[in-house]
Amino acid sequence: MRLASGGRIDRTQPLSFRFDGKVYQGVAGDSLASALLANGVKLFGRSFKYHRPRGLLAAGVEEPNALVELRSGPRHEPNVRATVAELYDGLEANSQNRWPSLAFDVSGINDVFSPFLGAGFYYKTFMGPTRGSWHFYERIIRKAAGLGTAPALPDPDRYEKTNAHCDLLVVGAGAAGLAAALVAARAGVKVMLVEQDKDLGGALLGEKSEQLDEWVAATVGELANSPNVRLLTRATAFGYYDHNVVGLVERVADHLPQPATHQPRQRLWTVRAKQVVLTTGAHERPLLFGNNDLPGVMLAGAVRTYLNRWAVLPGRQPVVFANHDEAYLTAIDLADAGATVAAVVDPRPIANPDLVTALAQRGIEHLPGHVVVKARGGRFINAAEVAALDANGEATEPRRVIICDLLAMSGGWNPAVQLHAQSGGKPRWDQRLSTFVPGESKQAERSAEALKGRADRSSHGGVRRSVGCGGEDRRGDGRVFVKPEVSVVDFQAQGSEGRGVDPPPF
Amino acid sequence: MRLPCPWCGERDHSEFNYGGDATRRRPADDAPMEEWIDYVYFRDNPRGRHHEHWQHIQGCRAWIVIERDTLTHEVSGCWTAEDYARGFAEATDVQKGAQS
């Protein structure tokens, strides 16, 4: 449901849209996913093979479930993530891979037979009576496969290609990217800052702090007014090639019903940069437990983003299940938004005491040394089975059943090392963070500290927020080296007074 | 990939045409047939630094020799074909700036 206040949306601009034939209302600033979630939609699709019900999992590009078809006619587009599709008035979307409807899908019977449907089972099952029979079966199987339908009419839009050269390309306009671009811009470096979202700020857009918002606004303002800075939003860096050549796709008009007469639909950029800084941040990873694919199970950071960015409450009786401190902020924000958080389940024996106090102040039960063993529910979650862990880390009996309509879970963060890997760098396993972090660079490229896991989002000691930046630039070999230092401030939960962070030390 | 042309500077590889192995030496006219067969049909496939011909067709149209690591694509030298053929006498060597 939509909260009465807050969020980076404009409630004075309502937008009307259709999903599976039904008309809903959203507001300007919504993504398709946030608008549907605000309207209480729980089912977004069906799984590929077993047609299990699928709900929203994430808030951004990492969404695996909410794949929809947008538009009809020649601009029809399948497999669009609802979390990436921006809402516009008159948008038409349909769910995929279900018949006759999302709520009742005949192919859901596959789930019943799943023990017999191993991978590639059809190659060994549909044999005979003749050798040519396979081609008959294959045509039928092919119809059951795939997600979505391809458009059958010619594409009416134009697509452009262009080139760009710069001294420094910064990929990702989160805290680290903004800081890096700012320091470089002040040093007179020709900077290109690209961000795949429509707004700059990255993970900071899911925060609720006025100081952070002010810092972002001031930084973006200064960058926009710098003549040596080129800012691109809605632009995804999709490939890193030899000699610091990076490919971007800029979605010029995807967020509009159709492009303006002078506009291309999308633009391909070939950027040749002397130096590249990757500040692509991290993706949250899930936890493993039974039925963790039920609608109503969402990533904790995504739940917080829906709360703070789009003022959407994904559930009224949530349970939070996580093994790190940052997810506690989700529980706190949920409670402050009016939800009744049944419990915070944490396999660790201890957590940040300030956060635990904040939970107690809101009447949220804290269950350290416990895990969620199973999510219960048919088409959406209605309860979580929780068990205590013994000394060996095994789940014990008896299991406790906690009624819930939302399970916000998080297993930590994986740095987005894809572009680093494409550049030739080899990601290296970090045992403490349990994830791959950027390894040695093979090209003139470097990754931000957060990407390296050092702005520790899964720390045990506390939740860190980067909030300011200083920097120094030194020249060598005719190249400018820019080393922004993003200052990291420990987060202290301050109860109901709200969260304060120290002003940036410029 | 960015390739350096001694006349035009660093350019995109799409401006060039690949010309093959530059380390081949044309045998004398009366050399034995085995040498000629080697020269015409056989090539080495080195892993690592390699000298190769490129022609800057969309620029100065000069034939140049580039030293490129076939594994990492790192470009470490370029000469005009004439200088290279003369055994690097007065060769011009463009510093590669793209690789750190």
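Respectively, the protein sequence lines represent chains C and W. Here this note's numbering is used: the first residue of the first sequence is 20, the next is one more, and so on. Here this note's numbering is used: the first residue of the second sequence is 14, the next is one more, and so on. Ideal placement from N, C-alpha and C gives every residue a C-beta, glycine not left out. Because the structure is a prediction, the values reported are computed rather than measured.
6 Å CB neighbourhood of residue i in its chain, flanking five on each side removed
i: G334 of chain C; result: D424 and L425
i: A52 of chain C; result: L75, A85, A101 and T102
i: G497 of chain C; result: Caution applies to G497 of chain C, whose pLDDT of 31 falls short of 50 and renders its modelled position unreliable; the value that the coordinates give is listed next. Closer than 6 Å at Cβ, skipping near neighbours: no residue.
i: G458 of chain C; result: G444, K445, P446 and R447
i: Y156 of chain C; result: F145
i: T238 of chain C; result: L197 and L201
Residue i to residue j span [Cα, whole Å]
i: A463 of chain C; j: R161 of chain C; result: 45 Å
i: A474 of chain C; j: L106 of chain C; result: Because A474 of chain C carries a pLDDT of 40, less than 50, the predicted location of this residue cannot be relied on, and no value is offered for it.
i: E384 of chain C; j: K180 of chain C; result: 55 Å
i: A394 of chain C; j: N98 of chain C; result: 27 Å
i: H7 of chain W; j: G90 of chain W; result: No answer is possible for residue 7 of chain W: it lies beyond the span of chain W, which begins at 14 and ends at 113.
i: M428 of chain C; j: S460 of chain C; result: 33 Å
i: L75 of chain C; j: R37 of chain C; result: 18 Å
i: Y31 of chain W; j: V264 of chain C; result: 20 Å
i: S152 of chain C; j: M146 of chain C; result: 7 Å
i: D96 of chain W; j: D57 of chain W; result: 23 Å
i: R205 of chain C; j: N244 of chain C; result: 11 Å
i: A256 of chain C; j: G167 of chain C; result: 25 Å
i: A358 of chain C; j: T376 of chain C; result: 18 Å
i: L56 of chain C; j: L306 of chain C; result: 22 Å
i: V322 of chain C; j: N433 of chain C; result: 18 Å
i: R62 of chain W; j: L318 of chain C; result: 48 Å
i: S91 of chain C; j: F308 of chain C; result: 39 Å
i: R304 of chain C; j: D261 of chain C; result: 30 Å
i: S27 of chain W; j: G72 of chain W; result: 11 Å
i: E81 of chain C; j: G45 of chain C; result: 22 Å
i: Q450 of chain C; j: R21 of chain C; result: 40 Å
i: P148 of chain C; j: Y141 of chain C; result: 15 Å
i: C185 of chain C; j: I159 of chain C; result: 52 Å
i: E23 of chain W; j: T252 of chain C; result: 29 Å
i: E214 of chain C; j: Y52 of chain W; result: 52 Å
i: L386 of chain C; j: F340 of chain C; result: 9 Å
i: V189 of chain C; j: D409 of chain C; result: 47 Å
i: N247 of chain C; j: K209 of chain C; result: 5 Å
i: Y259 of chain C; j: V296 of chain C; result: 12 Å
i: F455 of chain C; j: S442 of chain C; result: 16 Å
i: S114 of chain C; j: K227 of chain C; result: 32 Å
Chain C contact for residue i (CB, 8 Å cutoff)
i: H66 of chain W; result: no
i: R15 of chain W; result: yes
i: H69 of chain W; result: no
i: H63 of chain W; result: no
As assigned by DSSP and simplified to three states, the class of residue i
i: Q285 of chain C; result: strand
i: M211 of chain C; result: strand
i: M428 of chain C; result: strand
i: R158 of chain C; result: helix
i: L18 of chain C; result: A query on residue 18 of chain C cannot be resolved here, the shown segment of chain C reaching from 20 to 525 and no further.
i: W448 of chain C; result: strand
i: Q380 of chain C; result: helix
i: P107 of chain C; result: Going by the sequence as given, residue 107 of chain C is Tyr instead of Pro. If DSSP states are grouped into helix, strand and coil, Y107 of chain C belongs with coil.
i: V19 of chain C; result: The question about residue 19 of chain C has no answer here: the residues shown for chain C are numbered 20 through 525.
i: A52 of chain C; result: helix
i: I421 of chain C; result: strand
i: H389 of chain C; result: strand
i: R367 of chain C; result: coil
i: P276 of chain C; result: coil
i: E96 of chain C; result: strand
Test: residue i CB closer than 8 Å to a CB of chain W
i: D273 of chain C; result: no
i: D39 of chain C; result: no
i: D261 of chain C; result: yes
i: R493 of chain C; result: Summary for R493 of chain C: the model assigns pLDDT 37, below 50, so the residue's position carries little reliability, and this model does not support an answer.
Close-in-space but distant-in-sequence residues of the same chain around residue i (CB under 7 Å, 5 per side omitted)
i: T36 of chain W; result: H64
i: G79 of chain C; result: T102
i: P276 of chain C; result: Y107 and G109
Same chain, Cβ closer than 8 Å to residue i, neighbours up to 5 away in sequence not counted
i: A183 of chain C; result: M211, R249, W288, T289, V290 and R291
i: Y178 of chain C; result: P283, R284, Q285, R286 and L287
i: R71 of chain C; result: R65, G127, D130 and D312
Nearest-angstrom Cβ-Cβ length linking residue i and residue j, presumed shorter than 8 Å
i: G221 of chain C; j: G300 of chain C; result: 6 Å
i: H86 of chain W; j: M14 of chain W; result: 6 Å
i: A18 of chain C; j: T298 of chain C; result: Chain C is shown from 20 up to 525; residue 18 of chain C falls before or after that span and cannot be answered.
i: T93 of chain W; j: P59 of chain W; result: Not confirmed; about 22 Å, so no contact.
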